[in-house]
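Since the structure comes first, as structure tokens, the remarks are kept for the end.
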Amino acid sequence: MVNFKGIFVKRVLTSNDACTQFQGISQTQMKKLPKWICQSTTFQFNGKFYKQIDSVAMGSPIAPLLADVIMNHVIDQALKKINVQNKPIVRWRYVGDIFVAFNDMNALDIFFDTLNSVHNNITFTKELECVDSLAFLDFLIGKTQSGIQTTTYRKPTHSGLYTHWTSFIPHHQKRNLVFGLLDRADEIASTYNAMHSEFMNIKSMLIRNECPKAYIDRCIMKYLNKKHETSVNSFTITPPMTTTINMRLPYRGEITYEVRREMQRRVHRYAIMPFQFRFVSYETNKVKKSFTYKDKQNHLRRSSVVYKLTCTCGSNYIGQTRRNLITRINEHKFDQRSEVCKHLLANPTHRFNFKQPEILGSIFGQKELHLLESLLIQQHQPNLNVDGSSIPLLL
Ligand SMILES: [Zn+2]
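Structural data, given as structure tokens:
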């Protein structure tokens, strides 16, 4: 058994997909899009701008898809080049990790060398089985007399540090952590003994994170009962048709739950159609905010902001833009439809703070930006804004 790890780079493949149009985008345009995405990534480091010339940006939404396409292509090419007797007898892959089994070591070396010869920028490393076992992703795969056995694998560097029980997070996130660990252990373990031993392991790790022992025991009991119930009772009762509205609320401890209950109560009292809320809590004060590792963006390069321009006479204007702030500011300087430009033409000696516009707020999403702008206009009452708000406010 061998585990290969691949490091991949950009590569856009052509496909003969029968579909010619997708949401108004032609097949030719669609083929150009990944290439354009890969070749137009810029980033800032130590105050300088760079263009990424190789690889896909970390966190790019297209990266997992490209990685999958490329790995498929690389493996296909390697398999085409080798003889049937040297091909792996078992092959599993998850993105860049490949698990393969061969009948002899010679076949492994041939496959490994062929795989590494497919692309100059893709290099695989290999990990051979040790004492009849090999780690692959979260699995520890072992060879026994009766066949293959699996159990949960953790890297030697795994510290056992999970969310502390006293953390200021919604209750369900703590519960989900316990159930998530139990479920993973259960899914991976191939025998009852392996599952039991992993459950005990999880229990001791969670206790070290101050999770109450009785709570973990209750979760284990619930988990096993639920699993048993579903396996015996496979039929499910279909809930009545209701509309669900997703609602994001900041997490503020117990008060969050009170607000949720009150909203549900009022909705049930006044709603004509049956519907329910699905609440999602989010943290507004994340720890990572205290450890910024990225270069601070230039004031004028920011986007999705609400800004305030102030004149030397005291007149002011509030606006919003989803583009770079500097682009919008330049429009104010020269576009005669702009209220700021009109003010300057009427008063040639006046000056605006174009180099240092005040940023009042920043938010993603067009609707959200309009709402923020309207609220800030209402609050600041700038005299150069013709409209009281960009969207109607019921305040
Ligand atoms: Zn003025």
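Per the numbering used here, the sequence shown starts with residue 8, numbered consecutively. Cβ coordinates follow ideal geometry from the N, Cα and C atoms, glycine included.
{"Asked": "Every unbroken beta strand (DSSP E) within the segment 20-97, with a cutoff of 3 residues, ordered by chain", "Found": "49-52 and 55-58"}
{"Asked": "Three-way DSSP call (helix, strand, coil) for alanine 221 in this model", "Found": "helix"}
{"Asked": "Proximal residues to threonine 250 (C-beta, below 8 angstroms), its chain only, five neighbours per side dropped", "Found": "Met280, Pro281, Phe282 and Gln283"}
{"Asked": "Range of the contiguous beta strand (DSSP E) that encloses isoleucine 155", "Found": "154-159"}
{"Asked": "Best match in Asn128, Phe206, Leu73 and Lys94 for proximity to methionine 112 [C-alpha to C-alpha]", "Found": "Lys94"}
{"Asked": "Opposing strand residues paired with isoleucine 117 [DSSP bridges]", "Found": "Isoleucine 117 pairs with nothing; no bridge assigned."}
{"Asked": "Contact test: serine 67 Cβ vs ligand 1 heavy atom, cutoff 7 angstroms", "Found": "no"}
{"Asked": "Simplified DSSP state of valine 274, which is helix, strand or coil", "Found": "helix"}
{"Asked": "Cβ-Cβ distance between leucine 316 and tyrosine 324 below 8 angstroms", "Found": "yes"}
{"Asked": "heavy atom of ligand 1 below 7 angstroms from cysteine 348 C-beta", "Found": "no"}
{"Asked": "Nonlocal neighbours in the same chain, by C-beta distance under 6 angstroms from phenylalanine 109, ignoring five residues either side", "Found": "Pro95 and Leu115"}
{"Asked": "Threonine 137 to asparagine 53 span [Cα, whole Å]", "Found": "Checking the displayed sequence, the identity of residue 137 turns out to be cysteine instead of threonine. Cα to Cα, cysteine 137 sits roughly 44 angstroms from asparagine 53."}
{"Asked": "Beta-carbon spacing of isoleucine 176, tyrosine 289 below 8 angstroms", "Found": "no"}
{"Asked": "Cβ-heavy atom distance, histidine 357 to ligand 1, below 7 angstroms", "Found": "yes"}
{"Asked": "According to DSSP, residues forming a beta bridge with alanine 192", "Found": "Partner(s): none; alanine 192 has no beta bridge."}
{"Asked": "As assigned by DSSP and simplified to three states, the class of methionine 280", "Found": "coil"}
{"Asked": "Rounded Cβ spacing between valine 313 and glutamate 346 (contact assumed at less than 8 angstroms)", "Found": "Not really, about 16 angstroms apart at Cβ, beyond 8 angstroms."}
{"Asked": "Three-way DSSP call (helix, strand, coil) for arginine 267 in this model", "Found": "helix"}
{"Asked": "Segment contact, 8 angstroms Cβ cut-off, at least three pairs: the segment 335-344 with the segment 372-381", "Found": "no"}
{"Asked": "Ligand 3 heavy atom lying under 7 angstroms from the CB of threonine 319", "Found": "What this structure holds is ligand 1, not ligand 3."}
{"Asked": "Helix, strand or coil at phenylalanine 106 [DSSP, three-state]", "Found": "strand"}
{"Asked": "Inter-residue CB distance, valine 102 and alanine 74 (contact presumed, cutoff 8 angstroms)", "Found": "5 angstroms"}
{"Asked": "Status (buried if at least 16 other CB within 10 Å, exposed otherwise) for proline 219", "Found": "exposed"}
{"Asked": "Residue of Lys39, Gln271, Leu86 and Gln92 minimising C-alpha distance to methionine 254", "Found": "Gln271"}
{"Asked": "Terminal residues of the alpha helix (DSSP H) in which isoleucine 384 lies", "Found": "373-387"}
{"Asked": "Cα-Cα separation, threonine 299 to glutamate 365", "Found": "22 angstroms"}
{"Asked": "Extent of the continuous alpha helix (DSSP H) run through phenylalanine 341", "Found": "332-341"}
{"Asked": "Contact the segment 56-66 vs the segment 32-48: 3+ CB pairs below 8 angstroms", "Found": "yes"}
{"Asked": "Closest Cα partner of lysine 374 within the set Thr334, Thr328, Leu367 and Asn354", "Found": "Thr328"}
{"Asked": "Proximity below 8 angstroms, CB of isoleucine 77 to CB of phenylalanine 118", "Found": "no"}
{"Asked": "Identity of the residue in Cys320, Ala353, Asn232 and Gly167 nearest isoleucine 209 by Cα", "Found": "Gly167"}
{"Asked": "Cross-strand partners of asparagine 323 (DSSP beta bridge)", "Found": "Thr317"}
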